[in-house]
Every structure is written in structure tokens, then in C-alpha cells.
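Using numbering that gives the first Met the number 0, you'd call the opening residue of the sequence shown number 0 and step up by one each time.
Let me begin by presenting the structure, written as C-alpha cells, before commenting on it.
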Amino acid sequence: MAQRIWNFNPGPATLPLSVLEKAKKDIPNYNNTGMSVMEISHRSEDYKKIHSEAKSLLKSLFNIPDDYNILFLQGGASLQFAMIPMNLLSQGSSADYLITGRWSKKAITEANIIAEGKIAGSSEDKNFSYIPKNLDLHSNAEYAHLTSNNTIAGTQWHTFPDTGNVPLIADMSSDILSRKLDVGKFGLIYAGAQKNLGPAGVTIVIIRKDLVEKARNDIPTLLKYATHVEKDSAFNTPPTFAIYMVKLVLEWIEDQGGLEKIEQTNREKAETLYTTMDNNSDFYKGAVEKEDRSLMNITLRLPSEELEKKFIAEGAKAGFGGLKGHRSVGGVRISIYNAMPLKGVKELNKFMINFAKKNG
Ligand SMILES: *Cc1c(COP(=O)(O)O)cnc(C)c1O
Numbered sequence: 000m001a002q003r004i005w006n007f008n009p010g011p012a013t014l015p016l017s018v019l020e021k022a023k024k025d026i027p028n029y030n031n032t033g034m035s036v037m038e039i040s041h042r043s044e045d046y047k048k049i050h051s052e053a054k055s056l057l058k059s060l061f062n063i064p065d066d067y068n069i070l071f072l073q074g075g076a077s078l079q080f081a082m083i084p085m086n087l088l089s090q091g092s093s094a095d096y097l098i099t100g101r102w103s104k105k106a107i108t109e110a111n112i113i114a115e116g117k118i119a120g121s122s123e124d125k126n127f128s129y130i131p132k133n134l135d136l137h138s139n140a141e142y143a144h145l146t147s148n149n150t151i152a153g154t155q156w157h158t159f160p161d162t163g164n165v166p167l168i169a170d171m172s173s174d175i176l177s178r179k180l181d182v183g184k185f186g187l188i189y190a191g192a193q194k195n196l197g198p199a200g201v202t203i204v205i206i207r208k209d210l211v212e213k214a215r216n217d218i219p220t221l222l223k224y225a226t227h228v229e230k231d232s233a234f235n236t237p238p239t240f241a242i243y244m245v246k247l248v249l250e251w252i253e254d255q256g257g258l259e260k261i262e263q264t265n266r267e268k269a270e271t272l273y274t275t276m277d278n279n280s281d282f283y284k285g286a287v288e289k290e291d292r293s294l295m296n297i298t299l300r301l302p303s304e305e306l307e308k309k310f311i312a313e314g315a316k317a318g319f320g321g322l323k324g325h326r327s328v329g330g331v332r333i334s335i336y337n338a339m340p341l342k343g344v345k346e347l348n349k350f351m352i353n354f355a356k357k358n359g
């Protein structure tokens, strides 16, 4: 491959080219240290500066209130599925889970190992093709958990349920920083970095301070949020290079004009492709309810599996990668995270219009 492709991978996903180039330039000799970021101590002033700048950029871009802690952890979003109930549930207590796909099912499975995860809403009856509207929330739940964007199904919560005094927890792995949000509505937000924030290896956790204070103490040290708050995410060696990459991506978001501009572009990208699907609805069949369509992951079916294979293969030849649907659902999935430029979407859109013409 002589040049970079338009990378529609679902995750790990495309990164801004300028970020990759900055990282490349920094690799042999970061900030005149004579070493790369990968080779410097996580206790060094150079690294500490990266760490704190990444935090303050995230705080300002996402408008995170002062009563929240920002943590850089490992273990992916998947470890958060377990850490959340370990910290916040005890025997006899329960939490509400809104089930909108594979990831929320994995999350509730972990809750049920520790205590009780109650299904307070689900779209499993229709293959996760919508966001549940009639919720059965419990006022005595320790928290309510949802997946803000369903990477595999292609649905997204466009408004969030009011959970009253029950802290709302969101897995935002595939849409963090894709739009403006009121962080103050959430008790905890978490996201693996590898879709919208950087490379795999670091997980962002934004947790309200009162939840850290009331969390359980009788669990292993590394699994307690309090440990990571106390040690500023450096109880053990943090994933330094991944955090440095996240910092570069956050700087890139700032250069784009912040979340307002990012959201505007994301809406334009999604609208471009959904319009083409709607204009060719006999050929490109959206897999989900229109009002719940994701701005990040567009899922669709073509008239036959054969045509889907052809679409993916011809797309790859034309320079569009990562169009295959998740192995559990098949079909086509187009992931258009923050770092996918509008230009790439427009090129793919042209390809889609032509492909429908030729094969429809
Ligand atoms: C990718 C993804 C995960 C899994 O993340 P890991 O970092 O691999 O554990 C969890 N939730 C959502 C919504 C995802 O998109």
C-alpha cells in the first residue's frame, strides 16, 4: 500500500494524520531528552507534564466540573465493566442496566458476579435496532448504567434518561468527545481510547468525587478508584505512550475548534451517508430505527450477502478500509469517528452512489 487509506475501522480506529506525524517527529528525541516518550521515566518532569496537560485539556474540552476526577487506567472498557460494580455494589444492593447491545450485556454480566444487575430497559427483542424508551428505573439502585453509543448495532442515545438521585454511568468508548454533553449529569463516564481518543492501551475514567469516597474499601488495591485518585493514575506505571498520544489527539481537537466544531462536522458526515442510504433505500437498508441512528457507526444491509461481500471488496480496492460489519451481526458498518475527515466520507459517499447504480 503506497499511501494511507480512508480507514473506517471500528476500533482501533483512524487517527489524525497530523497527530501521527507529530508523534513520529518526537519519537527519537522527545523535547531534547535524547529519548522517546516510551523510554522516559513515568516519574520524570517531562512525563508528568504530558500527564497533567492531557488531563487539563480533557477537562477544558469536555467542560468537566471541578468535583470530578480524571483517571488514566488500563484494562480497557472491559475492566470498567467489572471495576464499577466492584467499587459501587455490595451484597444485597443492585444497579440498573439499560441493555442496547453486546457491550451493555457484557457490563451487566460483571455486575451480576458482584451483586445484582437489573435490566431497566432493553432492545434485545428487536436485535438492538433501537434505544429503549420505556424504562423501568429503580430509585434504590446504586447507579444506572448505559452504553452511550452502540458500536456494533449502530444506535446512540441522543438524549439521556433522567435518573434522579441515582448516578448515571456511561460507557462512552465509541463516542466520547464526539459531541457536547453535560458531564455534570453523569456520576461516571468511561471510555477505552482506541476509537475516538488515541491508541489502545489507556482507558479514560471521569468519576464524581463522592462516588470515589463512598466506594468499597475491601477490594484489591489496583481495582479501587480511590487508589488511582490518590496516586494521580500513577500507582503503578501508567501507559505513558498511549497517554501522550491522547494528549496529541486532544490538542488536535482543540485546533479543530473544540467540541462544537467537531460535533458539527460529525453531524455533517453522518447526514451525508444516511441521506444516500435513504435515497437508495431499496439497496442500502439501515439496520436501526432512524431516530436512534448513531453518528459514529453506521450499520446497513445490502440486498444479499454476496453484494455485501462485493461492496466490502470493491471498497477496499478503491481505498476504503474497515467496512465489514461486526462478526456477530454481519452486513456493513461504516465507522466515522472524529478523526475521519469529511473528505473521506464524501469520497465513500460517491463510491456508494456508484455502487448502488451499478448493482441495484
Ligand atoms: C470497543 C468497545 C468496548 C470494549 O473496549 P475494550 O477497551 O476492548 O475493553 C466497550 N464498550 C464499547 C461501547 C466499545 O465500543
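Cβ atoms here follow ideal geometry from the backbone N, Cα and C, with glycine treated the same way.
{"Query": "Rounded to a whole number of angstroms, what is the C-alpha to C-alpha distance between Ala-119 and Thr-13?", "Result": "34 Å"}
{"Query": "So His-227 packs on Leu-70, CB below 8 Å; how close in whole Å?", "Result": "5 Å"}
{"Query": "For Ile-218, tell me which candidate among Asp-254, Lys-345, Leu-87, Asn-235 has the shortest Cα-Cα distance.", "Result": "Leu-87"}
{"Query": "How many angstroms separate the CA atom of Ile-26 from the CA atom of Tyr-243?", "Result": "11 Å"}
{"Query": "Specify the secondary structure class of Ala-312 as computed by DSSP and reduced to three states.", "Result": "helix"}
{"Query": "Only counting the same chain, and skipping five residues up and downstream in sequence, which positions put a Cβ closer than 7 Å to that of Glu-267?", "Result": "Leu-341"}
{"Query": "What does DSSP give as the partner residues of Val-331 in its beta bridges?", "Result": "Leu-299, Lys-323"}
{"Query": "Please identify the residue among Ala-152, Trp-156, Asp-231, Lys-125 whose C-alpha is closest to the C-alpha of Met-171.", "Result": "Trp-156"}
{"Query": "What does the Cβ neighbour count give for Gln-263, buried or exposed, with the cut at 16 atoms within 10 Å?", "Result": "exposed"}
{"Query": "Is it buried or exposed for Thr-274, if we count other Cβ within 10 angstroms and need 16 for buried?", "Result": "exposed"}
{"Query": "Where does Glu-288 sit, in a helix, a strand or coil, going by DSSP?", "Result": "coil"}
{"Query": "For Tyr-283 and Ala-190, what's the separation of their Cα atoms in angstroms?", "Result": "30 Å"}
{"Query": "Residue range of the beta strand (DSSP E) that Ile-112 falls in?", "Result": "Counting along the chain, Ile-112 falls outside any beta strand (DSSP E), though it belongs to the alpha helix (DSSP H) covering 101 to 113."}
{"Query": "Indicate the three-state DSSP secondary structure (helix, strand or coil) for Arg-360 in the structure shown.", "Result": "Past the edges of the chain, shown from 0 to 359, lies residue 360, and the structure says nothing about it."}
{"Query": "List the endpoints of the continuous beta strand (DSSP E) containing Val-204.", "Result": "202 to 207"}
{"Query": "For the beta strand (DSSP E) containing Thr-146, list its first residue and its last residue.", "Result": "143 to 146"}
{"Query": "Which residues does DSSP list as the beta-bridge partners of Ser-121?", "Result": "Ile-98"}
{"Query": "Can you tell which of Ile-107, Asp-231, Thr-154, Arg-332 has its C-alpha closest to the C-alpha of Ser-55?", "Result": "Asp-231"}
{"Query": "For Gly-116, write down the residues that DSSP places opposite it in a beta bridge.", "Result": "Ala-94"}
{"Query": "Classify Ile-112: buried if its beta carbon has 16 or more other beta carbons within 10 angstroms, exposed otherwise.", "Result": "exposed"}
{"Query": "What did DSSP end up calling Gly-374 once you bin it into helix, strand or coil?", "Result": "This structure cannot speak to residue 374, because the chain is shown only from 0 to 359."}
{"Query": "Going by DSSP, what residue range makes up the beta strand (DSSP E) through Lys-169?", "Result": "With the sequence shown as reference, residue 169 is identified as Ala, and Lys is not the correct amino acid for it. From DSSP, the beta strand (DSSP E) with Ala-169 extends over 167 to 170."}
{"Query": "Less than 7 Å between the CB of Ser-173 and some heavy atom of ligand 1, yes or no?", "Result": "yes"}
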